[in-house]
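**Student:**
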Ligand SMILES: Nc1nc2c(c(=O)[nH]1)N[C@H]1C(S)=C(S)[C@@H](COP(=O)(O)OP(=O)(O)OC[C@H]3O[C@@H](n4cnc5c(=O)[nH]c(N)nc54)[C@H](O)[C@@H]3O)O[C@H]1N2
Ligand SMILES: Nc1nc2c(c(=O)[nH]1)N[C@H]1C(S)=C(S)[C@@H](COP(=O)(O)OP(=O)(O)OC[C@H]3O[C@@H](n4cnc5c(=O)[nH]c(N)nc54)[C@H](O)[C@@H]3O)O[C@H]1N2
Ligand code: SF4
Ligand SMILES: [Mo]
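Residue numbers (the UniProt record's numbering): 1 to 669.
#1: What are the boundary residues of the beta strand (DSSP E) that residue 162 is part of?
#2: Might you give, ordered along the chain, the residues of its own chain that have their beta carbon closer than 7 Å to the beta carbon of residue 439, omitting 5 neighbours on each side?
#3: Measure the beta-carbon distance from residue 288 to residue 169 and round it to whole angstroms, keeping in mind my assumption that it falls under 8 Å.
#4: What does the alpha-carbon distance come out to for the pair residue 548 and residue 659?
#5: Cβ of residue 619 versus every heavy atom of ligand 1: is any distance shorter than 8 Å?
#6: Alpha carbon to alpha carbon, what distance is there between residue 641 and residue 609?
#7: CB-CB under 6 Å to residue 389, same chain, minus the five flanking residues each way: which ones, in chain order?
#8: So residue 66 and residue 80 are supposed to be a Cβ contact under 8 Å. How far apart are they, rounded?
#9: Should residue 6 be counted as a contact of ligand 3 given a C-beta to heavy atom distance under 8 Å?
#10: Could you name the residues of the same chain whose beta carbon sits closer than 6 Å to that of residue 146, not counting the 5 residues immediately before and after it, in chain order?
#11: For the beta strand (DSSP E) that contains residue 664, what are its first and last residues?
#12: What would DSSP say about residue 622, mapped onto helix, strand or coil?
#13: Grab me the residues of residue 305's own chain with a C-beta within less than 6 Å of its C-beta, minus the 5 sequence neighbours each way, in chain order.
#14: Should residue 570 go down as buried or exposed, given a rule of 16 or more other Cβ atoms within 10 Å for buried?
#15: Determine the burial state of residue 493: buried for a count of at least 16 other Cβ atoms within 10 Å of its Cβ, exposed for fewer.
#16: By Cβ distance below 6 Å, which residues in the same chain neighbour residue 342 in space, the five residues on each side in sequence not counted?
#17: Given a threshold of 16 other Cβ atoms within 10 Å of its Cβ, counted over all protein chains shown, does residue 72 qualify as buried or as exposed?
#18: Return the CA-CA distance between residue 31 and residue 130, expressed in angstroms with no decimal places.
#19: Going by DSSP, name the residue or residues bridged to residue 130.
#20: Since residue 438 is in the beta strand (DSSP E), which residue starts that stretch and which ends it?
#21: Could you check if residue 590 belongs to the surroundings of ligand 2, using beta carbon to heavy atom distance under 8 Å?
#22: Whole angstroms are fine: how far does the CA of residue 487 sit from the CA of residue 561?
#23: Could you say which of 581, 215 and 141 lies nearest to residue 538 if we only look at CA atoms?
#24: Nearest-angstrom Cα distance between residue 655 and residue 1?
#25: Could you check how far apart the C-beta atoms of residue 598 and residue 582 are, in whole angstroms? I think they sit under 8 Å.
#26: Can you tell me where the alpha helix (DSSP H) with residue 650 in it begins and where it stops?
#27: Just to confirm, is the Cβ distance from residue 150 to residue 526 under 9 Å?
#28: Give the straight-line distance between the Cα atoms of residue 589 and residue 623, rounded to the nearest whole angstrom.
#29: Mapping DSSP to helix, strand and coil, what is residue 323?
#30: Got a sec, what are the start and stop residues for the beta strand (DSSP E) residue 370 sits in?
#31: To the nearest angstrom, how far is the alpha carbon of residue 340 from that of residue 565?
#32: Ignoring anything shorter than 3 residues or poking outside the stretch 183-246, list the beta strand (DSSP E) runs there in chain order.
#33: Using the Cα positions of residue 14 and residue 173, report the straight-line distance between them to the nearest angstrom.
#34: Verify the contact flag: residue 45, CB atom, against every heavy atom of ligand 1, threshold strictly below 8 Å.
#35: Say yes only if the C-beta of residue 133 is nearer than 8 Å to one or more non-hydrogen atoms of ligand 4, and no if none qualify.
#36: Which residues does DSSP list as the beta-bridge partners of residue 424?
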């Protein structure tokens, strides 16, 4: 396959870029952007370029490994598969299939990564994870409000008069949106960034609004109060297409602007100014994921949705409450791929509480954990408990490309392929609606195997080989079944390389919402099914002055743990030496209070754990705010998740990763 080929970035990212991959002598030697990709237009980030290093790294896992007396030894695939299948067969007869836990995340956006679920369903149904570390709260919030979580097409931004980036670190995490932000600014669009950290996106904004972490819902309330006072709401939309306006109006009266100023740190003039911006349609809002990783995260997203709706910015070009875009994932025939009807037993733990689930499970106890596409020992909150939980289980099997913290904790490590070693198609429900083709370009190193091969081998040994008796092409065609009528087939994708899925560029333009009332719901009518009244509330983070004053005395600072610039979560740290230490970014007031300067070594701690690292002062960050980028490996100082809480958010079993109080102290050396 020597030559230059079009492929796709598989990383869990907003952008799902098209790639141009150069292969020489059977090796990937260079990765650039696919110039013809309509969204990503030849531009890619360092994480994408480094897929070359990830593929060729001398640290790749090459052989199946088994732990004996605490040391990994190389074993054959035969032995690994026989032993794992034997243990699974024994669990199925002596216990229940739900004694197996499938722990995973979404590290590979390939369609066939869904086949793991087919395997576990055909086995009989295992303990599965529900909820999401990533976007759970916001997705359910939008599902309550609109009936689904849809975004506008990227190019619709050119129809906006004003763009609000609310809690998304665009310059770092969503580079193609960043390009558009720079372009619309040139054409006179107002750009506002609302964030506790004065990040690179804020640096290009017309106005930066610094907000206390976790308090965005209150800001939205303040802006709605001003919107109504100024008479800038969209009466026609409210009267004809919404439900529950009286409830939100009543809520707005329960708090004053002065109180909101105090809670958010945002001046009332800014709220008035934002109300005028929202009233001067079309105003587009991009919601980030950071601000919903709090105990009140769902309520926060719903209050921002309410502001977007009340101001008449729903269903119009240049508007929208853009969070995720589930239209994309919903385009594929996932049930045909995953066969949920084959499950005869089921049990769920939430993503957040998987450790607690493992430690407390009875009938059956967890006997085996199989990890795919995830690194829970660095990425799941409350790492010390996650570690303990994994150690308590008889057999841990990790399918991996590298010896991560999670792989280190395994009894069996099975080496898997990377993106360029297998054919798949790639999509993400985060930003744009293109699906990209990714061919197999090089042979896997050593004995690394595609997940599909591993599932097929195990399925045969466990007596359901016929459920995997399909070729890769046939599986891809299965997942594309529903798209055939739109001309999107494997053949067409092989030819075209990237194709636009049949999604709406301006969702909700017919004002027919997928809620029980068919309207936009300020008060959710599906909430009662979950034992909730569905009304918007005044809600606070769980680790804050109002909800936990005792904790604030001990741990006065708020810790954010945002996504790293140069790594996708934990996936690049081992390849970039300069990332292999812990940087603790603190707001100026903390530096003054603790007499710290750049370069000081500090200990950061709470009741859950501690880390040490080097101080860097963030000049314009909100007061009492600290950030440590997530994703760090144990051997380079440890995951910041030793400090974070496994509490769930108010909606969607989401995470509360940023709802975290800490203290710091200087280490005198
Ligand atoms: N470079 C890079 N890019 C990535 C990733 C990566 O690991 N590295 N990961 C990808 C994935 S999986 C995801 S989910 C996305 C996430 O994309 P983003 O949502 O952009 O990123 P986060 O790091 O989750 O959170 C980002 C922003 O939220 C702000 N924030 C935190 N708390 C609050 C708050 O209470 N209010 C407000 N207004 N802002 C707040 C932070 O200061 C930060 O600027 O990024 C994707 N892109
Ligand atoms: N403190 C804190 N923690 C966070 C976050 C945060 O903002 N702060 N963000 C959260 C978010 S948004 C997310 S999405 C999660 C991400 O959590 P994870 O997805 O667990 O994080 P990654 O570091 O991307 O680890 C994925 C692992 O999967 C492996 N992998 C890649 N492709 C494949 C494949 O095809 N098969 C198999 N078997 N393995 C593969 C990679 O080598 C890598 O080690 O982290 C969450 N954790
Ligand atoms: S990590 Fe994201 S921005 Fe970077 S190349 Fe991959 S898809 Fe594109
Ligand atoms: Mo994520």
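Just so it is clear, CB atoms sit at the ideal spot from N, CA and C, and this is done for glycine as well.
**Tutor:** Answer, in terms of the structure:
#1: 162-166
#2: 5, 7 and 423
#3: At roughly 7 Å, the Cβ-Cβ gap stays under 8 Å, so residue 288 and residue 169 are in contact.
#4: 12 Å
#5: Look at residue 619: its beta carbon is at least 8 Å from all of the heavy atoms in ligand 1.
#6: Going from the Cα of residue 609 to the Cα of residue 641 covers about 9 Å.
#7: 355, 358 and 359
#8: 7 Å
#9: Within 8 Å of the C-beta of residue 6 there is not a single heavy atom belonging to ligand 3.
#10: 513
#11: According to the DSSP assignment, residue 664 belongs to the beta strand (DSSP E) that extends over 661-666.
#12: coil
#13: 145 and 321
#14: buried
#15: Buried, because 16 or more other Cβ atoms sit within 10 Å of the Cβ of residue 493.
#16: Excluding positions up to five away in sequence, the list reads 121 and 122.
#17: buried
#18: 35 Å
#19: 350
#20: 434-438 is the extent of the beta strand (DSSP E) around residue 438.
#21: no
#22: In this structure, the CA atom of residue 561 is about 42 Å from the CA atom of residue 487.
#23: 215
#24: Straight across, the Cα-Cα distance linking residue 655 with residue 1 is about 43 Å.
#25: That belief does not hold up - the Cβ atoms of residue 598 and residue 582 are roughly 14 Å apart, past 8 Å.
#26: Unbroken run through residue 650: none, as it is neither H nor E.
#27: no
#28: CA-to-CA, the gap between residue 589 and residue 623 works out to about 6 Å.
#29: In this structure, DSSP gives residue 323 a state outside helix and strand, which the three-state scheme calls coil.
#30: 368-372
#31: 37 Å
#32: Runs found: 190-195 and 207-210.
#33: 7 Å
#34: yes
#35: yes
#36: 438
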